[in-house]
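Participant: Heads up: the protein sequence lines correspond to chains A and B, in order.
Residue 8 in our numbering sits at position 8 of the first sequence, and the numbers go up by one each step.
Residue 1291 in our numbering sits at position 291 of the second sequence, and the numbers go up by one each step.
Cβ atoms here follow ideal geometry from the backbone N, Cα and C, with glycine treated the same way.
For reference, the structure I am asking about is given below.
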Amino acid sequence: MNESQVTPMSAPVNPGTALVTARERALAVLGGEPDDQTLGRYLHGIPGVDAVGLEQRAAALGTRSIKTTSKRWALDKIISLIDLTTLEGADTPGKVRSLVAKAMNPDPADPTVPRVAAVCVYGDMVPFAIEALGAAHGDPDDGLISVAAVATAFPSGRSSLEIKLADTAEAVAAGADEIDMVIDRGAFLAGRYGEVFDQIAAVKEACRRPDGTSASLKVILETGELVTYDNVRRASWLAILAGGDFIKTSTGKVAPAATLPVTLLMLEVVRDWHRLTGHRVGVKPAGGIRSSKDAIKYLVTVAETVGEEWLVPHLFRFGASSLLNDVLLQRQKMTSGHYSGADYVTID
Amino acid sequence: MSFLDYAPAPESRAILSLRDSYGLFIDGEFVDGRGTPFQTISPSSEERIAMIANANEADIDDAVAAARRAYDRVWSKMSGRDRGKYLFRIARLVQERARELAVAESLDNGKPIKESRDVDVPLVAAWFFYYAGWADKLDHAGLGADPRSLGVAAQVIPWNFPLLMLAWKIAPALAAGNTVVLKPAETTPLTALIFAEILQQADLPAGVVNIVTGAGDTGAALVAHEGVDKVAFTGSTAVGRAIAKQIAGTDKRATLELGGKAANIVFDDAPIDQAIEGIVNGIFFNQGHVCCAGSRLLVQENIHDEVVERLKTRLSTLRLGDPLDKNTDIGAINSREQLDRIRALSDAGVEEGAERWSVPCEIPENGFWYAPTIFTNVQTSSRIAREEIFGPVLSVLTFRTPQEAIAKANNTPYGLSAGIWTDKGSRILAVADQLRAGVIWANTFNRFDPSSPFGGYKESGYGREGGRHGLAAYLSPAPIGRSAAQVTAGRSGAQRRIEGADASAEASASKPKPRARRAGAAKKGAAK
């Protein structure tokens, strides 16, 4: 997905070489093998983050006033960027079918409502999701709905690499279009960057299908466990260097999950990576975004940080479940002029 | 449609109930002025807002007399606790009428509503709350027990933060027990007049605060008035110098907060994204109409190109336009006169060989506008690196070592503020220690707090506003029972230095005869 054209980089590159694989790109940027030492030097050479300044900037972006036509556009855009999610131990085929029905037809009273981008489920639920989607299964850029599966011993990631790869391969084999993996936060915090890099690269490899295509890989940093903004920035670079198609904030199982400052920071990394390599990487804030008002702040932050062209399903997603209904309520209000209530939107 | 062309989100003007004309606020009431009235316009549209009275010398006489009466009969006799109650009441009323004040400020000044709403007005309330708390604690202001108020304060304020500068002036003066005659700037009198209504609402005793409107001659007459004990001025260095000359040889005390040409120093280890925000906030906040604006960017040479490139990208997202639109980042220039000055200096920059880059943006037809502009290839000898532009124009210079950064930062006749951007705490302390500026921000810029003193070195003026020091500018030590020598010895050297000319002038004047300074005031019946 989105192996867009690669322009020559300002980092050390073999002149005249067309860089295609993530690994070659990483080697060129790093100027060496992605071991602990090289990665450490690179990641710790990135300028620091001033927490107060970052939070101020995020708060300032949050004061944008999105009204009338802009709000209407934003609400539909939010829906089309949602990964409608259920990640419970209690998930059943019935629950997944209900979720898929909601994803395909968010508001039964209004056929103009767009579909969401994807449904996000545990790996063993992928077949049920695909079956329920039927003809609606496909690329969200074509107005269809993808199936995303969490993998790699989600949410803790505390398992051997073999199991993580098997978990991934199984979901891909079952037809998942996107894999949401978790990084080994323990290894990252212990400074074993090479290990984290290798795991992401291996999972990326496991996303490959027999026909040579590949499931898109979202790399969950679990920013609530990385705690500092400096860590988030380094982990973002690491995930992108290792070949992630998306960097994602959280599993939704750890508080705090997505916050606006963290998402802004990750968008800044994505913007800098694009400046450096010409390659576009997506961002997915997940967990904790429940209201339209909050979601609009994220759209503003994307548009003013990386640019409006990032507001497409293969470059930006919301990982959310309850957000959808709040957006629908807002949408109904804009259409009818009055607020309805929770009974006028469907639960999944 | 592009999402970034956000649909208009104008703040409603319906909350304002403006009069067609405003008088002078003297002795608790609005009265007609005896000069020729003038109109105040909205700089974003050039539309007329209201007619404003013009105070002549006779009006100034009345205002000062009213302030003196209020001082003698009411305010100087009132307990600190009761004065504090009035100040708390004013603070709460400012909060209650915050939206109205913000709209009026943006309308009259041209600044974006998001700034008047989120910065100016909340700070105004904070300033009154802060000094309300001081009113009954003057014994702890650092001047020894039982310090005395000065009498009548003449205060002249600028147009860049009309209501905030009013708060900076009035709140400490009243807390310390002085009465006030304040003259707002000619182009931005509106919020001061709404503030007068708030004073009526707060039942502030008549004459404690008087507001006289007019141009420079009104201000000059006020400052020169013999019934005035204290002069507080914020504005240009030229006018400040004239005031200092005017009051030389009198027993008036002065606080002058004048111009600046602040260096914003970015080291190569700075948190780059936040530094870019800080540069933007430093110079484009309030269209650069900020005396402490970070108008000289000193960036380490090895990251110069990257910083400039990132800065240009960031500036391209700034939104210039209707100050009342909630998404506007850059409002209107306050007056045609100021716009002409910005243009002239900017053109001089080009002539001197600097490279000019302006944000490509649509400029509205009416009103006064200047697109955010940065100059690269600026030399320390350039006019745009020396003179205060007071507009959205940034001059970018480079340095190689911390020593060079400090030398270049200090190489200015001004010394109001400076900024340091680095990830290294020890460097912040080491550099800040050598910068000759009254306020130094580290990894931030243009942050204000009522508890923090503010003021300048060199041609940026003298005296401090804000904090305990700002209070001391409206007080003198108790004249009886303690010798002046004791009082002076009791103060730390650092504090004496901060109070600058004020403190030393007072010390030498009061040493031989502690009560001598008050003799003039005694004639007016002010001595207790």
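Could you tell me whether any Cβ in chain B is nearer than 9 angstroms to the Cβ of Gln199 (chain A)?
Facilitator: At a cut-off of 9 angstroms between beta carbons, Gln199 (chain A) makes no contact with chain B.
Participant: Any idea if Met1165 (chain B) is buried or exposed, counting beta-carbon neighbours within 10 angstroms, 16 or more meaning buried?
Facilitator: buried
Participant: Does the distance from the C-beta atom of Leu1101 (chain B) to that of Leu1163 (chain B) stay below 9 angstroms?
Facilitator: yes
Participant: Could you name the residues of the stretch 1269 to 1301 of chain B whose beta carbon sits closer than 9 angstroms to any beta carbon of chain A, in the order they occur along the chain?
Facilitator: Asp1269, Ala1270, Pro1271, Ile1272, Asp1273, Gln1274, Ala1275, Glu1277, Gly1278 and Asn1281
Participant: Note down the Cα distance separating Asp1032 (chain B) from Gly1023 (chain B), rounded to an integer number of angstroms.
Facilitator: 5 angstroms
Participant: Say whether chain A places a C-beta atom closer than 9 angstroms to the C-beta of Arg1496 (chain B).
Facilitator: Per-residue confidence for Arg1496 (chain B) stands at a pLDDT of 35, beneath the threshold of 50, marking its modelled position as unreliable; the derived number appears in the next sentence. No, no contact with chain A.
Participant: Who are the near neighbours of Ala286 (chain A) in its chain, counting only those whose CB is closer than 6 angstroms to its CB and skipping five residues on each side?
Facilitator: Hits under 6 angstroms: Lys248, Thr249, Ser250, Gly252, Ala258 and Gly319.
Participant: DSSP state of Val1074 (chain B), grouped into three classes?
Facilitator: helix
Participant: I think Ser1012 (chain B) touches Gly1110 (chain B), with their Cβ atoms under 8 angstroms apart; what is that distance to the nearest whole Å?
Facilitator: Their Cβ separation, rounded to whole angstroms, is 18 angstroms, which puts Ser1012 (chain B) and Gly1110 (chain B) out of contact at 8 angstroms.
Participant: Nearest by alpha-carbon distance to Val1431 (chain B): which of B:Val1439, B:Ala1472 and B:Ile1406 is it?
Facilitator: The shortest Cα separation from Val1431 (chain B) among B:Val1439, B:Ala1472 and B:Ile1406 belongs to B:Ile1406.
Participant: Below 7 angstroms CB to CB, which residues in the same chain sit around Gln1486 (chain B) once its five sequence neighbours on both sides are set aside?
Facilitator: With a pLDDT of 48 at Gln1486 (chain B), under the threshold of 50, the predicted position of this residue should be treated as unreliable, though the coordinate-derived value follows. Hits under 7 angstroms: none found.
Participant: Which first and last residues belong to the alpha helix (DSSP H) in which Ser336 (chain A) is found?
Facilitator: Leu323 to Ser336
Participant: Whole angstroms are fine: how far does the CA of Asp107 (chain A) sit from the CA of Val113 (chain A)?
Facilitator: 7 angstroms
Participant: State the Cα-Cα distance for the pair Arg1069 (chain B) and Gly1207 (chain B), rounded to the nearest angstrom.
Facilitator: 7 angstroms
Participant: Going by the CB atoms, is the gap between Ala1238 (chain B) and Leu1416 (chain B) shorter than 9 angstroms?
Facilitator: No, the pair does not count as a contact, with Cβ atoms beyond the cut-off.
Participant: Could you confirm whether any beta carbon from chain B is found closer than 9 angstroms to the beta carbon of Gly169 (chain A)?
Facilitator: Checking the sequence shown, residue 169 (chain A) turns out to be Ala, not Gly. So no, Ala169 (chain A) is outside the interface.
Participant: Less than 9 angstroms between the beta carbons of Gly1219 (chain B) and Phe1390 (chain B), yes or no?
Facilitator: No. Outside cutoff.
Participant: Using beta carbons (cut-off 9 angstroms, strictly below), is Pro1008 (chain B) in contact with chain A?
Facilitator: yes
Participant: In this structure, what does DSSP give as the bridge partners for Lys218 (chain A)?
Facilitator: Under DSSP, Lys218 (chain A) shares a beta bridge with A:Asp180 and A:Phe246.
Participant: Please indicate yes or no: does the CB of Ser1044 (chain B) lie closer than 8 angstroms to some heavy atom of the ligand NAP?
Facilitator: Only the bare structure without any ligand can be found here, which leaves the ligand NAP out of the picture.
Participant: Check Ala1132 (chain B) in the structure and name its three-state DSSP category.
Facilitator: The answer is helix: DSSP assigns Ala1132 (chain B) an H, G or I state.
Participant: Name the DSSP bridge partner or partners of Lys1183 (chain B)?
Facilitator: B:Val1156
Participant: Does any residue of chain B have a CB that is nearer than 9 angstroms to the CB of Ile66 (chain A)?
Facilitator: Among the residues facing chain B, Ile66 (chain A) is included, as its CB has a counterpart in that chain under 9 angstroms away.
Participant: Using a Cβ-Cβ cut-off of 9 angstroms, state whether Lys293 (chain A) counts as contacting chain B.
Facilitator: no
Participant: Using the Cβ count rule (16 or more neighbours within 10 Å means buried), how would you classify Asp343 (chain A)?
Facilitator: exposed
Participant: What is the rounded straight-line gap between the Cα of Ser1335 (chain B) and the Cα of Leu39 (chain A)?
Facilitator: 55 angstroms
Participant: At which residues does the alpha helix (DSSP H) containing Arg233 (chain A) begin and terminate?
Facilitator: In the DSSP assignment, Arg233 (chain A) falls within the alpha helix (DSSP H) that extends over Tyr229 to Leu241.
Participant: Thinking C-beta only, is Arg280 (chain A) closer than 9 angstroms to Trp310 (chain A)?
Facilitator: yes
Participant: Thinking C-alpha only, which one of B:Pro1158, B:Gly1321 and B:Gly1467 is nearest Asp1005 (chain B)?
Facilitator: Nearest neighbour of Asp1005 (chain B) by Cα position, chosen from B:Pro1158, B:Gly1321 and B:Gly1467, turns out to be B:Gly1321.
Participant: Should Val345 (chain A) be flagged as near chain B, meaning a C-beta pair shorter than 9 angstroms?
Facilitator: no
Participant: Which residues, in order along the stretch 220 to 238 of chain A, keep a beta-carbon less than 8 angstroms from a beta-carbon of chain B?
Facilitator: none
Participant: Expressed to the nearest angstrom, what Euclidean distance is found between the alpha-carbon atoms of Ala1484 (chain B) and Ser1149 (chain B)?
Facilitator: Interpretation of Ala1484 (chain B) is limited by its pLDDT of 46, a score under 50 that renders its predicted location unreliable; no figure is taken from the coordinates.
Participant: Per DSSP, what kind of secondary structure is Glu1029 (chain B) in: helix, strand or coil?
Facilitator: strand
Participant: Taking DSSP's pairing of strands, which residues face Asp1269 (chain B) in a bridge?
Facilitator: In the DSSP output, where bridge partners are listed per residue, Asp1269 (chain B) has none listed.
Participant: Would you mind working out which of B:Leu1182, B:Val1266 and B:Leu1193 sits nearest Val1231 (chain B), comparing C-alpha positions?
Facilitator: Looking at the Cα atoms, B:Leu1182 is the closest of the given residues.
Participant: So which residues on chain B does Glu308 (chain A) lean against when the C-beta distance must stay under 7 angstroms?
Facilitator: Ser1002, Phe1003 and Leu1004
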